[in-house]
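Colleague:
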Amino acid sequence: MLISKMAAEGGGKEMNEIKTQFTTREGVYKLLTHSEYSRPNRVPFNSQGSNPVKVSFVNVNDQSGNGDRICFNVGRELYFYIYKGVRKAADLSKPIDKRIYKGTQPTCHDFNHLTATAESVSLLVGFTAGQVQLIDPIKKETSKLFNEERLIDKSRVTCVRWLPASENLFLVAHSSGSMYLYNVEHACGTAAPHYQLLKQGEGYAVHTCKSKSTRNPLLRWTVGEGALNEFAFSPDGKFLACVSQDGFLRVFSFDAVELHGTMKSYFGGLLCVCWSPDGKYIVAGGEDDLVTVWSFADCRVIARGHGHKSWVSVVSFDHYTTSIEESEPMEFSGSDEDIQDQIHFGRDRANSTQSRLSKRNSTDSRPVSVTYRFGSVGQDTQLCLWDLTEDILFPHLPLSRTRTHTNVMGASSPRVGVPNALTGTNPGTNGNNGVTLPGNSLPAPLPRSNSLPHSAANAAGSKGSVLADSAVASGVGKFATLSLHERKEPQHDKEHKRNHSMGHISSKSSDKLNLLPKTKADPAKTLGTTLCPCMEDVPLLEPLICKKIAHERLTVLIFLEDCLVTACQEGFVCTWARPGKGGLLSSQNQASSPSGTVV
Numbered sequence: 003m004l005i006s007k008m009a010a011e012g013g014g015k016e017m018n019e020i021k022t023q024f025t026t027r028e029g030v031y032k033l034l035t036h037s038e039y040s041r042p043n044r045v046p047f048n049s050q051g052s053n054p055v056k057v058s059f060v061n062v063n064d065q066s067g068n069g070d071r072i073c074f075n076v077g078r079e080l081y082f083y084i085y086k087g088v089r090k091a092a093d094l095s096k097p098i099d100k101r102i103y104k105g106t107q108p109t110c111h112d113f114n115h116l117t118a119t120a121e122s123v124s125l126l127v128g129f130t131a132g133q134v135q136l137i138d139p140i141k142k143e144t145s146k147l148f149n150e151e152r153l154i155d156k157s158r159v160t161c162v163r164w165l166p167a168s169e170n171l172f173l174v175a176h177s178s179g180s181m182y183l184y185n186v187e188h189a190c191g192t193a194a195p196h197y198q199l200l201k202q203g204e205g206y207a208v209h210t211c212k213s214k215s216t217r218n219p220l221l222r223w224t225v226g227e228g229a230l231n232e233f234a235f236s237p238d239g240k241f242l243a244c245v246s247q248d249g250f251l252r253v254f255s256f257d258a259v260e261l262h263g264t265m266k267s268y269f270g271g272l273l274c275v276c277w278s279p280d281g282k283y284i285v286a287g288g289e290d291d292l293v294t295v296w297s298f299a300d301c302r303v304i305a306r307g308h309g310h311k312s313w314v315s316v317v318s319f320d321h322y323t324t325s326i327e328e329s330e331p332m333e334f335s336g337s338d339e340d341i342q343d344q345i346h347f348g349r350d351r352a353n354s355t356q357s358r359l360s361k362r363n364s365t366d367s368r369p370v371s372v373t374y375r376f377g378s379v380g381q382d383t384q385l386c387l388w389d390l391t392e393d394i395l396f397p398h399l400p401l402s403r404t405r406t407h408t409n410v411m412g413a414s415s416p417r418v419g420v421p422n423a424l425t426g427t428n429p430g431t432n433g434n435n436g437v438t439l440p441g442n443s444l445p446a447p448l449p450r451s452n453s454l455p456h457s458a459a460n461a462a463g464s465k466g467s468v469l470a471d472s473a474v475a476s477g478v479g480k481f482a483t484l485s486l487h488e489r490k491e492p493q494h495d496k497e498h499k500r501n502h503s504m505g506h507i508s509s510k511s512s513d514k515l516n517l518l519p520k521t522k523a524d525p526a527k528t529l530g531t532t533l534c535p536c537m538e539d540v541p542l543l544e545p546l547i548c549k550k551i552a553h554e555r556l557t558v559l560i561f562l563e564d565c566l567v568t569a570c571q572e573g574f575v576c577t578w579a580r581p582g583k584g585g586l587l588s589s590q591n592q593a594s595s596p597s598g599t600v601v
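Here the sequence shown is numbered in our numbering, starting from 3 and rising by one per residue.
Encoded structure:
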């Protein structure tokens, strides 16, 4: 990674050191400096006032076996490269396509994975002025421009996604708080559209476009108050999760256009959202510095995670590794070495893993334990990995595997505590080894559930039917990972970059909330309800790892089969090899590094 200077704020040298590797239960993740993607000159981008760097991937099924393609935006520029990942060093001198825009900047983009081939890909790009462009970076063509005259919406595009299993339909969110459904086959009108109410409910309304002939947009969704920051489709494509600046997560049945459930942030806006690979859980992050886990079936918050010191910008589940136990309940004790002979990593077929997951709710099968891993990155420049374990998911059920697990990470993973006034506990003497549990729900100390890394599933992303004419649903193909590390290191007080630390949370939430429209729910009235439980009413997760990996705020976290990818606002897209996947590039990192980089 290009290093301009060591961060000078707060703490000592170790606190501000940029990490190039980190260790989890499954092994060591290593930064591959030769696989860094950026602008060709590798000069850090002056990110003041610019839009977040975003990254999109697509596989074009190239016969050569190198079918991965990467797209990323930096300021006014948009790049499209062959992505070589952990296999070969990046060649930044030969982008497949490069575009520089004037008068507007790209804000987000998304590939259509259904139609991608080695000869052609469909890439949607959203812009600050509200337009959406459809381009083919392989053919170097621009086929269409939507909302060209800004008659539909004049505000910034915050998120754009193809509908799952659809070749033509896509959804666009704006900072105005509206979402629009488009069809690439239809044109936009020459005048501002007129709308007719289709359905409305608490915090949302959906309108159809009134016109003599079918034209874009097909639908307009108005959701919440303030900007609609991000949305995500469920793995089966039937539900849509939206997070807004008013601090609400809203989950809709997309076809039925009905609200399924809601959740409120502890304070401030929610900025990011993702689904678990089986669609059972949603994780959201935002300006309260927390990651919040919400149960789709129960429509309630089941856990919060505190590790970031500033706003959480991205949350993402790791679909490529999972831990599944399908045996009679067993007790484990002893050190990690005692059980290493029972751990093995492998790849199962997606349908096999899915069928085993389905046994969770079967009354005539043996216990099935699934543990999820997800990650988050934030404006504090830190990467956090989290384990969502059985004792959190099912706190009142007997644990299929229980044992107390000591931290093998060492002092490099300082514990991130939460003020006692919020948790009602003393972080230094937490008998639950890093998890604050609801009162009297379980006896203390609580042995943590540790599903051993056993197998992993890998399959194409699942896609589902979204509208009547879109497509047929296919099963969920990817699932998550996990192994848990208890955290017992001393608590470190760390400066909060934006003065939004947990210590500043009160019933008034924040001054910023008072500036939002008064039609929004009163934070003081939602706090302590199922919409927004108090801190002591839900389990509190601590991160498995929490590492500073950049100088500027982090804007991307994507889990791939053999690596994970991060990006920061300076315009550097970094590849972190999974344990045992670094190969030749990993060894090259130790020997040398490109000019201007530091390993």
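Using N, Cα and C, we set each Cβ at its ideal position, and we do this for glycine too.
1. Pick out the complete alpha helix (DSSP H) segments inside the region 268 to 293, 4 residues or longer, and give them in chain order.
2. Any idea if Ile84 is buried or exposed, counting beta-carbon neighbours within 10 angstroms, 16 or more meaning buried?
3. Along the chain, where does the alpha helix (DSSP H) containing Leu395 start, and where does it finish?
4. What separation, rounded to the nearest whole angstrom, lies between the Cα atoms of Asn18 and Cys536?
5. What are the boundary residues of the beta strand (DSSP E) that includes Pro108?
6. Contact defined as beta carbons within less than 8 Å: I believe Ile284 pairs with Val275. What is the distance between those atoms, to the nearest angstrom?
7. By Cβ distance, which residues of its chain are closer than 6 Å to Gly271, with the 5 residues on each side in sequence left out?
8. Tell me whether Asn63 sits in a helix, a strand or coil according to DSSP, three-state version.
9. With a Cβ-Cβ cutoff of 9 Å, do Leu251 and Thr26 count as a contact?
10. For Gly128 versus Val186, is the C-beta spacing smaller than 9 Å?
11. With Glu232 and Leu273 assumed to form a contact (beta carbons below 8 Å), what rounded beta-carbon distance in angstroms separates them?
12. Is Lys56 helix, strand or coil when you go by DSSP?
13. Taking 8 Å as the cut-off, does the CB of Leu33 come closer than this to any heavy atom belonging to the ligand FAD?
14. Measuring alpha carbon to alpha carbon, tell me which residue in Val253, Leu153, Thr119 is nearest Ile140.
15. Could you tell me the distance, in whole angstroms, from the CA atom of Glu260 to the CA atom of Gly205?
16. With a cut-off of 8 Å, do at least 3 Cβ pairs link the region 102 to 120 to the region 156 to 163?
17. Label Ala167 either buried or exposed according to how many other C-beta atoms from any shown protein chain fall within 10 Å of its C-beta, with 16 as the threshold for buried.
18. Tell me which residues share the same chain as Leu559 and place their Cβ nearer than 6 Å to its Cβ, disregarding the 5 neighbours each side in the sequence.
19. Val88 and Lys583: beta carbons closer than 9 Å?
20. Just how far apart, CA to CA, sit Gly263 and Leu220?
21. Quick check: the Cα distance between Phe74 and Phe298, rounded to an integer number of angstroms?
22. Within 10 angstroms of its Cβ, does Asp513 collect 16 or more other Cβ (buried), or is it exposed?
23. Contact defined as beta carbons within less than 8 Å: I believe Ala552 pairs with Ile20. What is the distance between those atoms, to the nearest angstrom?
24. So Ser168 is in the beta strand (DSSP E); what residue range does that whole segment cover?
25. Since Asp138 contacts Ser122 with CB under 8 Å, what's their CB separation in whole angstroms?
26. Could you pull the DSSP bridge partners for His308 from this structure?
27. Quick check on the DSSP output: what are the complete beta strand (DSSP E) runs of length 3 or more inside the region 80 to 154, in order along the chain?
28. Are the beta-carbon atoms belonging to His188 and Asn218 less than 9 Å from one another?
29. The beta strand (DSSP E) spanning Tyr197 covers which residue range?
30. For Ser95, which of Arg44, His308, Lys527 has the nearest alpha-carbon?
31. DSSP state of Lys266, grouped into three classes?
32. Per DSSP, Arg78 is paired with what?
33. Give the single residue among Ser52, Leu556, Asn68 whose Cα lies nearest to the Cα of Val313.
34. Can you tell which of Asn53, Ala92, Ser66, Asp93 has its C-alpha closest to the C-alpha of Leu80?
35. Between the Cα of Ala194 and the Cα atoms of Tyr182, Leu230, Glu151, Val295, which residue gives the shortest distance?
36. Under the rule that 16 or more other beta-carbon atoms within 10 Å means buried, what is His1, buried or exposed?
Modeller: Once the coordinates are examined:
1. Correct list: empty.
2. One-based indexing of the sequence shown puts residue 84 at position 82. Buried, since its Cβ has 16 or more Cβ neighbours within 10 Å.
3. One-based indexing of the sequence shown puts residue 395 at position 393. Annotation for Leu395: the continuous alpha helix (DSSP H) segment containing it runs 392 to 395.
4. As a first step, residue 18 must be located in the sequence shown, where it is residue number 16. As a first step, residue 536 must be located in the sequence shown, where it is residue number 534. Cα-Cα distance, rounded: 32 Å.
5. Residue mapping note: residue 108 aligns to position 106 of the sequence shown, counting from 1. Pro108: member of the beta strand (DSSP E) spanning 108 to 113, first to last residue.
6. Indexing the sequence shown from 1 puts residue 284 at position 282. Indexing the sequence shown from 1 puts residue 275 at position 273. Approximately 6 Å separates the beta-carbon atoms of Ile284 and Val275; this is inside 8 Å, confirming the contact.
7. The residue you call residue 271 lines up with position 269 of the sequence shown. Contacts found: Gln247, Gly249, Gly288, Glu289.
8. Position 61 of the sequence shown, counted from the first residue, corresponds to residue 63. In the three-state scheme derived from DSSP, where H, G and I count as helix and E and B as strand, Asn63 is classed as coil.
9. Taking the sequence shown and counting its residues from 1, the one referred to as residue 251 is at position 249. Taking the sequence shown and counting its residues from 1, the one referred to as residue 26 is at position 24. No, these two residues do not count as a Cβ contact at 9 Å.
10. Looking up residue 128 in the sequence shown gives position 126. Looking up residue 186 in the sequence shown gives position 184. Against a cut-off of 9 Å, the Cβ pair of Val186 and Gly128 comes out as no contact.
11. By one-based count along the sequence shown, residue 232 stands at place 230. By one-based count along the sequence shown, residue 273 stands at place 271. Indeed, because the Cβ distance is near 7 Å, the residues count as touching under 8 Å.
12. Residue mapping note: residue 56 aligns to position 54 of the sequence shown, counting from 1. When secondary structure is reduced to three states using DSSP, Lys56 falls in the coil class, being assigned neither helix nor strand.
13. Absent from the structure shown: the ligand FAD. Ligands present: none.
14. Against the sequence shown, residue 140 aligns to sequence position 138. Of the candidates Val253, Leu153, Thr119, the one whose C-alpha sits nearest the C-alpha of Ile140 is Thr119.
15. The residue labelled residue 260 in the question sits at position 258 within the sequence shown. The residue labelled residue 205 in the question sits at position 203 within the sequence shown. For the pair Glu260 and Gly205, the Cα-to-Cα distance works out to about 11 Å.
16. When Cβ pairs closer than 8 Å are counted between the two stretches, the region 102 to 120 is seen to touch the region 156 to 163, the count reaching three or more.
17. Locating residue 167 in the sequence shown gives position 165, counting from the first residue. It is buried - the Cβ of Ala167 has at least 16 other Cβ atoms within 10 Å.
18. As a first step, residue 559 must be located in the sequence shown, where it is residue number 557. Correct list, in chain order: Val316, Ser318, Gly377, Val379, Thr568.
19. By one-based count along the sequence shown, residue 88 stands at place 86. By one-based count along the sequence shown, residue 583 stands at place 581. In this structure, Lys583 lies closer than 9 Å to Val88 by Cβ.
20. For the purposes of this step, residue 263 is taken as the residue at position 261 of the sequence shown. For the purposes of this step, residue 220 is taken as the residue at position 218 of the sequence shown. One C-alpha to the other measures close to 24 Å.
21. Taking the first residue of the sequence shown as position 1, residue 74 is located at position 72. Taking the first residue of the sequence shown as position 1, residue 298 is located at position 296. Taking the straight line from one Cα to the other gives about 32 Å.
22. Here residue 513 refers to the residue found at position 511 when the sequence shown is read from its first residue. Only weak support is given to the placement of Asp513: the predicted model assigns it a pLDDT of 38, under 50, and the value that follows is read from those uncertain coordinates. Exposed is the call here.
23. Mapped onto the sequence shown, residue 552 falls at position 550. Mapped onto the sequence shown, residue 20 falls at position 18. So it is a contact: roughly 7 Å between Cβ atoms.
24. Position 166 of the sequence shown, counting from 1, holds the residue named residue 168. The continuous stretches of beta strand (DSSP E) do not include Ser168, and DSSP gives it neither H nor E.
25. Translated into the one-based positions of the sequence shown, residue 138 becomes position 136. Translated into the one-based positions of the sequence shown, residue 122 becomes position 120. That pair is a contact at about 6 Å.
26. In the sequence shown, the residue the question calls residue 308 occupies position 306. According to DSSP, which records beta bridges pairwise, His308 is partnered with Leu292.
27. You should have 99 to 102, 108 to 113, 125 to 129, 134 to 138, 143 to 148.
28. If you number the sequence shown from 1, residue 188 lands on position 186. If you number the sequence shown from 1, residue 218 lands on position 216. Yes, Cβ-Cβ distance for His188 and Asn218 is below 9 Å.
29. Counting from 1 along the sequence shown, the entry for residue 197 is found at position 195. Per DSSP, the unbroken beta strand (DSSP E) holding Tyr197 starts and ends at 196 to 203.
30. The residue you call residue 95 lines up with position 93 of the sequence shown. Across the set Arg44, His308, Lys527, the C-alpha of Arg44 shows the shortest separation from the C-alpha of Ser95.
31. As a position in the sequence shown, residue 266 is number 264, starting the count at 1. Residue state, collapsed to three classes: strand.
32. What you label residue 78 is simply residue 76 of the sequence shown in a count that begins at 1. DSSP, once it has assigned bridges, lists no residue as partnering Arg78.
33. For the purposes of this step, residue 313 is identified with residue 311 of the sequence shown, where counting begins at 1. According to the sequence shown, residue 313 is Trp rather than Val. Residue Leu556 holds the alpha-carbon nearest to the alpha-carbon of Trp313 among Ser52, Leu556, Asn68.
34. Start at 1 with the first residue of the sequence shown, and residue 80 comes out as number 78. Among Asn53, Ala92, Ser66, Asp93, the Cα nearest to that of Leu80 is on Asn53.
35. Stepping through the sequence shown from its first residue, residue 194 is reached at position 192. Comparing alpha carbon positions, the residue from Tyr182, Leu230, Glu151, Val295 closest to Ala194 is Glu151.
36. As shown, the chain starts at 3 and ends at 601. That puts residue 1 outside it, with no answer to give.
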